[in-house]
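Asks: Below you will find the structure I want to go over with you.
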Amino acid sequence: MNRWYIRVLLVGLPVLFFPFRSPAPLIYHLGEGWIYESPSGKEASLDLAAAQEAAPAPAPTKTGPVVLTIKAGEPAAKLSPMFYGLMTEEINYSYDGGLYAELVNNRTFKDRRDPLRYWNLVQTAGANNSISVVTDQPLNDVLTNSLKLDAPSASAATPVGIANEGFWGIPVTPNTRYRASFYARAAEGFTGPLTVELSGPGAVLASARVSGLGPAWKKFEVTLTTGSVPASKDNHLVISTGSPATIFFNLVSLFPPTFNDRPNGNRKDIMQLLADMHPSFLRLPGGNYLEGNTIATRFNWKETIHDISKRPGHQDDAWGYWSSDGLGLLEYLEWCEDLHMEPVLAVYAGYSLRQVRVTPGPDLEPYVQDALDEIEYVTGGQNTTWGAQRAADGHPAPFPLHYVEVGNEDQFDRGTNSYNGRFAQFYDAIKAKYPALQVIATTRVTGRTPDLIDNHLYVPAGELAMESHFHDYDSDSDSGRRSRNGPKVFEGEWATQSPPRSPTPRMADALGDASFLIGMERNSDHVLMESYAPLFVNVGNPRSGSTGSMQWSTDLIGYDALGSYGSPSYYVQKMFSLNHGDEILAATVDNVPTRDWVQTPGRRGGAAAPRTNQVATVFINATRDSKTKAIYVKVVNSAGQPQDVQVEITGVSGIESAGQTTVLSASSPDDTNSIKEPQKIVPVTAKVTGLGKTFTRTFPPYSVTVLQLQGT
Ligand code: AHR
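Here our numbering runs 126 ahead of the position in the sequence shown, where the first position is 1.
This is the structure we're talking about:
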């Protein structure tokens, strides 16, 4: 069990102790109050303590259909317009080797494990040329490592050069224009030319030449255009000389076409997957990456702006690899702009993972000021210091901003409980200068009332484990960060974690994720925002730790150098995000089937011995678009049998006979998508008839359905 796994369990502890409610009755939010509906239909108040203590009831035998009553005439709660969003950090090669379209790996020769990592010398066998990384030929103050190519034996017949392997491959597609650039200088007397090539096994796929080198650093830019070559990824970027030379290189870069043609932009395919989700916000950057192991390795936003040649990059020691910071603060914001989502700006709060903390008071002041400056960079006019810097960086217009999150998982700041003081200092300063901003806390605080609290929930996959969290937000008890009596909630990181080392979830995990999401969405007047985490994983070399491309298993979207795919949980997010309207409808669900769920000793409330509980296998909610009167019924059937649901809708004058279903299903809960089978499990949309104010529908085994009805 590695360190992060232990940590995940700790994140989950508060909720793992949360009462499991047995058995069939579901609890539905009805506007202001709560009703606990027993199978007999009798109303009772919910007694959480009793529910927690009660011995698990034997599995009720359910026969006949689930009975769903949607009370569309009763006052409905408002569904949060911000509910569906994204969380991001540099983990699993999310940006470098991921969304950020740069194809050269270790472009500034700063990889901590080996500054020459991913670089090779190209020469004929036995020749005595060399490459090395030197620090006496810096490009500037921040790019201080340069690659020195010593090529005494180079000739037209035996060129000598440098080659980069990319992020587990360099993708080449037919009829595509790539932009290569680099800084170079050469010993006196050598002016070139240099050949720049995209080179595949045994073939040159695109080529260009530059000349004009001299003793001073100079930037070179070329376009490499491929012809009708097959798509491939086992390629290299090669820069070579056909005559003897000593050449220094820095910031060697290669970009394919990017989303919205941004010069320092993002991969088209991954951006399209995200765009298809219609996310409303991006929590940036979240996670351990924001904090770093030490203050020096935090996400220091001021070092991620300006031209990329002015960005030093930093060791992402939270996840064990170098971050180029090519995707820096402005690029995050442009990512938001491209996908029409709002940033949720996470600011460093004076705490880093190795229990490094800044004492509240004067010592913390510079970090508070950094946060205020960051907000100004995002929102300020060009007449402000940081707004002017943003304009100089290429974006004169300010960005919208409503939410600022102070830190990340500060419950791990153990011993001193400094978060109360740190949060208060940030909160006061932010509210004083930007009173309209909503300030999010990462754990419970005293002294100030945060506008929202960011809850995290990672649940190791087990028999219906995430499904047992369906009711997490139904409670209005006074205790617990999931109580509806507390501050509004941002569920900023959550996921079912597939068995070890699965890069992306299986259908079984997606079923659990969908049930939790249904539970949150029907409480989305309280849970204002949610984002699955982590978002990305490079599966090009999914070896563990810092040697591979995956540091954290079970991520929403996978990709290698050439392709990408959405997991079943990705499709759940997409289906739900596209189909919800703005009202949560009151509903009751009866005759719900359950299954045994065995709690392992020592887990989930600390049972002394294995304990069998019951957990539902069908999860349902109903929402409505108040303008169009479309009603969305979301149904999870996590069992291996088809499930009939008898629907009655009250409080509407009519329901049209024709509607639509979107169904995500699999023949086995272990089925999943992968880079080889990216579309094995995808939602299927179909027109349906036979709907009305009462009807019965059958939901397939292992399925997630959005049934769209049209109210009249
Ligand atoms: O999402 C992976 C990690 O889980 C995040 O970096 C951290 O916030 C949480 O512990």
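All C-beta atoms, glycine included, are put in the ideal place defined by N, C-alpha and C. Nothing here was measured: the structure is a model prediction, and the numbers come from that model.
Is it the case that the Cβ atoms of E709 and L205 are separated by a distance below 8 Å?
Replies: Their beta carbons are under 8 Å apart, which means E709 touches L205 by this criterion.
Asks: Between which two residues does the beta strand (DSSP E) holding I257 run?
Replies: Element bounds for I257: 256-260.
Asks: Just to check, is the beta-carbon of E347 closer than 7 Å to a non-hydrogen atom of the ligand AHR?
Replies: False, no ligand heavy atom lies under 7 Å from that Cβ.
Asks: Within this structure, are the beta carbons of I757 and A748 separated by less than 8 Å?
Replies: It is a contact, given that the beta carbons lie within the stated cut-off.
Asks: Is T743 closer than 8 Å to N763 when the C-beta atoms are compared?
Replies: Cβ distance < 8 Å, so N763 and T743 count as in contact.
Asks: If contact is defined by three or more beta carbon pairs under 8 Å, each pair taking one atom from either stretch, is the segment 212-225 in contact with the segment 358-376?
Replies: They do not touch, by the three-pair rule.
Asks: Less than 8 Å between the C-beta atoms of V530 and T568, yes or no?
Replies: Cβ distance not < 8 Å, so V530 and T568 don't count as in contact.
Asks: Under three-state DSSP, which class holds G818?
Replies: Three-state DSSP puts G818 in coil, outside helix and strand.
Asks: Going by beta carbon distance, what residues of the same chain come within less than 8 Å of L590, once the five residues before and after it are set aside?
Replies: Hits under 8 Å: G638, R721, W723, V741, T743, S764.
Asks: Alpha helix (DSSP H) containing L643: first to last residue?
Replies: That run of the alpha helix (DSSP H) goes 633-647.
Asks: Would you give the residue range spanned by the beta strand (DSSP E) that M208 belongs to?
Replies: Run containing M208: none; DSSP gives neither H nor E here.
Asks: Looking at the unbroken beta strand (DSSP E) that takes in W245, where does it start and where does it end?
Replies: Start and end: 245-248.
Asks: Kindly give me the distance between the Cβ atoms of Y553 and R570, rounded to whole angstroms, as I take these residues to be in contact under 8 Å.
Replies: Not confirmed; about 14 Å, so no contact.
Asks: From the DSSP output, in three-state form, read off V810 for me.
Replies: Of the three classes helix, strand and coil, the one that applies to V810 here is strand, per DSSP.
Asks: Report the start-end ranges of each beta strand (DSSP E) in the segment 284-330 that is 3 residues or longer and not cut off at the edges.
Replies: Complete beta strand (DSSP E) runs here, min 3: 286-290, 303-312, 320-326.
Asks: Tell me whether G533, by its Cβ, gets closer than 7 Å to a heavy atom of the ligand AHR.
Replies: Every heavy atom of the ligand AHR is 7 Å or more from the Cβ of G533, so no.
Asks: Roughly how many whole angstroms lie between the Cα atoms of D113 and L363?
Replies: What the structure shows of the chain is the stretch from 127 to 838, and residue 113 is not part of that stretch, so it cannot be assessed.
Asks: Which of the three DSSP states is assigned to F235 in this structure?
Replies: Three-state DSSP puts F235 in coil, outside helix and strand.
Asks: Are the Cβ atoms of Q836 and K755 separated by less than 8 Å?
Replies: A contact, by the Cβ cut-off of 8 Å.
Asks: Quick check: does the Cβ of H432 come within less than 7 Å of any heavy atom belonging to the ligand AHR?
Replies: Every heavy atom of the ligand AHR is 7 Å or more from the Cβ of H432, so no.
Asks: Could you check whether V715 and V192 sit closer than 8 Å to each other, using their CB atoms as the reference points?
Replies: Yes.
Asks: Tell me the start and end of each unbroken alpha helix (DSSP H) in the segment 485-537 that is at least 4 residues and wholly inside, in chain order.
Replies: Counting whole runs of 4 or more residues, the segment 485-537 contains the alpha helix (DSSP H) stretches 491-505, 511-518.
Asks: I want to check one thing, is the minimum distance from the CB of W678 to the heavy atoms of the ligand AHR below 7 Å?
Replies: The answer is yes for W678.
Asks: What residue range does the beta strand (DSSP E) around A621 cover?
Replies: Residues 614-623.
Asks: Using DSSP with H/G/I as helix, E/B as strand and the rest coil, what is P694?
Replies: Three-state DSSP puts P694 in a helix.
Asks: Could you tell me how far apart the beta carbons of M655 and Y599 are, in whole angstroms, since I believe they sit closer than 8 Å?
Replies: Wrong, their Cβ atoms sit about 13 Å apart, outside the cutoff.
Asks: Could you name the residues of the same chain whose beta carbon sits closer than 8 Å to that of T822, not counting the 5 residues immediately before and after it, in chain order?
Replies: Around T822: P191, D770, V771, Q772, V773.
Asks: Can you check which of these residues, P469, T838, I288, A289, is closest to S779 by C-alpha distance?
Replies: Among P469, T838, I288, A289, the Cα nearest to that of S779 belongs to T838.
Asks: Say the cut is 7 Å; is the CB of I217 nearer than that to a heavy atom of the ligand AHR?
Replies: For the ligand AHR, at least one heavy atom lies less than 7 Å from the Cβ of I217.
Asks: Give me the residue from T511, V484, P488 with the minimum Cα distance to T542.
Replies: Minimum Cα distance to T542 is reached at V484.
Asks: So does G224 have its beta carbon nearer than 7 Å to some heavy atom of the ligand AHR?
Replies: Not so, every heavy atom of the ligand AHR lies at least 7 Å from the Cβ.
Asks: Just to confirm the assignment: which complete beta strand (DSSP E) runs, minimum length 3, are found wholly within the segment 361-429?
Replies: Runs found: 362-367, 371-381, 407-410.
Asks: S406 and M633 - do their beta-carbons sit closer together than 8 Å?
Replies: Not a contact, by the Cβ cut-off of 8 Å.
Asks: With a threshold of 16 other CB atoms inside 10 Å of the CB of G487, please say whether the residue is buried or exposed.
Replies: Under this definition G487 is an exposed residue.
Asks: Please confirm whether L455 and Y503 have their CB atoms less than 8 Å apart.
Replies: In contact: L455 and Y503 (Cβ atoms closer than 8 Å).
Asks: So does the segment 326-336 actually touch the segment 255-268, counting three or more Cβ pairs closer than 8 Å?
Replies: Cβ pair count under 8 Å is below three, so no.
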